[in-house]
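**Q** Position 106 (the sequence shown) corresponds to 167 in the numbering used here; numbering is contiguous. From the three backbone atoms N, C-alpha and C, an ideal C-beta is built for every residue, glycine too.
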Amino acid sequence: MDPNGKMRTIDVDGMSIRYTISGLTDTENKRANIFVNGYGVAIRRYPNILGRLAKREPTFGVELFGMEYDGIPRTMKEYASVLKNVVSTIQEQYNIERVALFGHSAGASGAELVGREHDSCDYIVAISPILRSGGMFGILTGGILNQARYLRKRSIREAGEYVTDLMVPFVTNIGTNPVASIRFLTDAGSMGIEYLQCPQKNPPPLLLISGGRDDLFHLNPGDAEWIRMNRPNATIVALPDFTHEGASEAAQEVMDEHDKWIEKYGHLKKYLDVYETVS
């Protein structure tokens with residue numbers, strides 16, 4: 062992350078949302094990257110990918126999902142609503158005309174939802190998104206139960222930091238607002254939910270990056286087939302050696318694929334009939 066990437070706040074919907082800036086210059090910045098955190102994971106845990114993005118264009122790291130803001134809504138749909146306003150406020154405050162939206166895990170799902178409806182979004186890069194088929198059953202088998210597998214396959218020291226980031230805010234939210242917390246899982250996890258299926262005439266290109274060793278939300282054949290049918294603007298890139306959290310840290314591998322993708326698709330504003338897996 063750039064030395065000038067200190068934590069700042071931006072007032073949106075009555076909340077002071079934390080964010081960082083990297084690579085912003087005094088010259089005119091027509092486009093910027095906006096990267097959104099995974100659930101409960103502080104934005105400072107993404108130094109590699111934020112730094113690499115900032116070498117290309119100014120990059121904002123938004124700390125939103127699971128970060129215990131007073132009064133923040135807790136369903137995925139409501140998170141997406143706040144994120145949409147965050148993006149618009151950043152654009153207005155820093156005179157940014159166009160954006161590229163990036164996100165990890167829950168932040169990837171939020172970025173995809175917002176980018177589909179945001180006229181100034183050129184493309185979306187979703188890293189380890191938690192969208193999957195199967196509704197609540199899909200979430201239970203693909204997420205919560207896989208957490209146990211994740212812990213069993215790794216040492217507590219190896220897994221503990223990430224699991225703490227992920228689970229502590231979620232358990233806290235369940236205790237204070239269980240209905241909203243379950244709705245968050247259902248909203249985020251069900252690819253069949255209505256507002257995720259709303260057709261868009263001209264969606265921006267979507268690059269979906271999945272780790273082959275993602276024990277939390279592995280992209281199974283059913284999910285991939287759903288994406289192929291319902292996200293014709295999507296290109297799927299598989300990073301076979303990376304985990305759910307590791308995919309966000311694999312800056313070199315992710316951005317190498319991203320460079321190729323941007324060269325090929327980055328400025329198209331139409332449906333892309335593309336479906337490919339890179340191993």
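What are the residues that DSSP puts in a beta bridge with residue 191?
**A** On the sequence shown, position 130 is the one that residue 191 refers to. Answer by DSSP bridge pairing: none, since residue 191 is not bridged.
**Q** Checking the sheet assignment: what are the DSSP bridge partners for residue 270?
**A** Start at 1 with the first residue of the sequence shown, and residue 270 comes out as number 209. Partner(s): 188, 298.
**Q** Looking at the strands, I want to know which residues DSSP matches up with residue 159.
**A** As a position in the sequence shown, residue 159 is number 98, starting the count at 1. Note: residue 159 sits in a beta bridge opposite 92.
**Q** Is it buried or exposed, residue 67, if we count other Cβ atoms within 10 angstroms and call 16 or more buried?
**A** Your numbering for residue 67 matches position 6 in the sequence shown. With fewer than 16 Cβ atoms within 10 Å of its Cβ, residue 67 is classed as exposed.
**Q** Check whether the stretch 104-112 and the stretch 138-153 touch, using three or more Cβ-Cβ pairs below 8 Å as the test.
**A** As far as the Cβ criterion goes, the stretch 104-112 does not touch the stretch 138-153, which means the pair count is below three.
**Q** I think residue 126 touches residue 140, with their Cβ atoms under 8 Å apart; what is that distance to the nearest whole Å?
**A** Position 65 of the sequence shown, counted from the first residue, corresponds to residue 126. Position 79 of the sequence shown, counted from the first residue, corresponds to residue 140. Going by Cβ atoms, the distance from residue 126 to residue 140 rounds to 6 Å, so yes, they are a contact pair.
**Q** Would you kindly work out how many angstroms separate the C-alpha atoms of residue 119 and residue 142, rounded to a whole number?
**A** One-based indexing of the sequence shown puts residue 119 at position 58. One-based indexing of the sequence shown puts residue 142 at position 81. Whole-angstrom Cα-Cα distance: 23 Å.
**Q** If I follow the unbroken beta strand (DSSP E) through residue 124, where does it start and stop?
**A** Position 63 of the sequence shown, counting from 1, holds the residue named residue 124. That run of the beta strand (DSSP E) goes 120-124.
**Q** With three or more beta-carbon pairs closer than 8 Å as the criterion, would you say the stretch 151-171 touches the stretch 179-191?
**A** At 8 Å Cβ cutoff, the stretches touch.
**Q** Is residue 83 buried or exposed, if buried means 16 or more other CB atoms sit within 10 Å of its CB?
**A** Numbered from its first residue, the sequence shown carries residue 83 at position 22. Buried, since its Cβ has 16 or more Cβ neighbours within 10 Å.
**Q** Am I right that residue 272 and residue 304 are in contact with their C-beta atoms under 8 Å? What's the rounded C-beta distance?
**A** Taking the sequence shown and counting its residues from 1, the one referred to as residue 272 is at position 211. Taking the sequence shown and counting its residues from 1, the one referred to as residue 304 is at position 243. Correct: roughly 5 Å between the Cβ atoms.
**Q** Could you check where the beta strand (DSSP E) with residue 73 kicks off and where it finishes?
**A** To locate residue 73, count along the sequence shown from 1; it is residue 12. Residue 73 -> beta strand (DSSP E) spans 69-73.
**Q** Name, in chain order, the residues that DSSP records as bridge partners for residue 164.
**A** Taking the sequence shown and counting its residues from 1, the one referred to as residue 164 is at position 103. 97, 187.
**Q** Per the DSSP calculation, residue 81 is bridged to which residue(s)?
**A** As a position in the sequence shown, residue 81 is number 20, starting the count at 1. 122, per the DSSP bridge assignment.
**Q** Using the Cβ count rule (16 or more neighbours within 10 Å means buried), how would you classify residue 290?
**A** Looking up residue 290 in the sequence shown gives position 229. The residue in question, residue 290, is exposed, as its Cβ has fewer than 16 Cβ neighbours within 10 Å.
**Q** Under the assumption that residue 95 contacts residue 73 (Cβ atoms under 8 Å), give the Cβ distance between them as a whole number of angstroms.
**A** As a first step, residue 95 must be located in the sequence shown, where it is residue number 34. As a first step, residue 73 must be located in the sequence shown, where it is residue number 12. Their Cβ separation, rounded to whole angstroms, is 13 Å, which puts residue 95 and residue 73 out of contact at 8 Å.
**Q** Taking its Cβ as the centre, do 16 or more other Cβ atoms sit within 10 Å of residue 239, making it buried, or is it exposed?
**A** Counting from 1 along the sequence shown, the entry for residue 239 is found at position 178. The residue in question, residue 239, is exposed, as its Cβ has fewer than 16 Cβ neighbours within 10 Å.
**Q** Please name the residue in 285, 110, 299 whose C-alpha comes closest to that of residue 293.
**A** For the purposes of this step, residue 293 is taken as residue 232 along the sequence shown, with counting starting at 1. The candidate whose alpha carbon is nearest that of residue 293 is 285.
**Q** Since residue 76 and residue 130 are thought to touch, with beta carbons under 8 Å apart, how far apart are those beta carbons, to the nearest angstrom?
**A** Residue mapping note: residue 76 aligns to position 15 of the sequence shown, counting from 1. Residue mapping note: residue 130 aligns to position 69 of the sequence shown, counting from 1. Right, their Cβ atoms sit about 5 Å apart.
**Q** Rounded to a whole number of angstroms, what is the C-alpha to C-alpha distance between residue 265 and residue 111?
**A** Against the sequence shown, residue 265 aligns to sequence position 204. Against the sequence shown, residue 111 aligns to sequence position 50. Straight-line Cα distance between these residues: approximately 21 Å.
**Q** Looking at the secondary structure, which residues open and close the alpha helix (DSSP H) in which residue 117 lies?
**A** Residue numbering aside, residue 117 sits at position 56 when the sequence shown is read from its first letter. Residue 117 -> alpha helix (DSSP H) spans 108-117.
**Q** Give me the residue from 117, 99, 180 with the minimum Cα distance to residue 164.
**A** To locate residue 164, count along the sequence shown from 1; it is residue 103. For the residues 117, 99, 180, the minimum Cα distance to residue 164 belongs to 99.
**Q** Given this structure, state the Cα-to-Cα distance separating residue 93 from residue 309, to the nearest angstrom.
**A** As a first step, residue 93 must be located in the sequence shown, where it is residue number 32. As a first step, residue 309 must be located in the sequence shown, where it is residue number 248. C-alpha separation (whole angstroms): 19 Å.
**Q** Is it true that the CB of residue 298 sits closer than 8 Å to the CB of residue 267?
**A** For the purposes of this step, residue 267 is taken as residue 206 along the sequence shown, with counting starting at 1. For the purposes of this step, residue 298 is taken as residue 237 along the sequence shown, with counting starting at 1. Taking 8 Å as the Cβ cut-off, residue 267 and residue 298 do not qualify as a contacting pair.
**Q** Do residue 179 and residue 138 have their C-beta atoms within less than 8 Å of each other?
**A** Against the sequence shown, residue 179 aligns to sequence position 118. Against the sequence shown, residue 138 aligns to sequence position 77. No, Cβ-Cβ distance for residue 179 and residue 138 is not below 8 Å.
**Q** Does the Cβ of residue 177 have 16 or more other Cβ atoms within 10 Å, making it buried, or fewer, making it exposed?
**A** Taking the sequence shown and counting its residues from 1, one reaches residue 177 at position 116. Buried is the call here.
**Q** What does the alpha-carbon distance come out to for the pair residue 69 and residue 302?
**A** If you number the sequence shown from 1, residue 69 lands on position 8. If you number the sequence shown from 1, residue 302 lands on position 241. Cα to Cα, residue 69 sits roughly 34 Å from residue 302.
**Q** Which of the three DSSP states is assigned to residue 128 in this structure?
**A** Taking the first residue of the sequence shown as position 1, residue 128 is located at position 67. In the structure shown, residue 128 sits in coil (DSSP, three-state: anything other than H, G, I, E or B).
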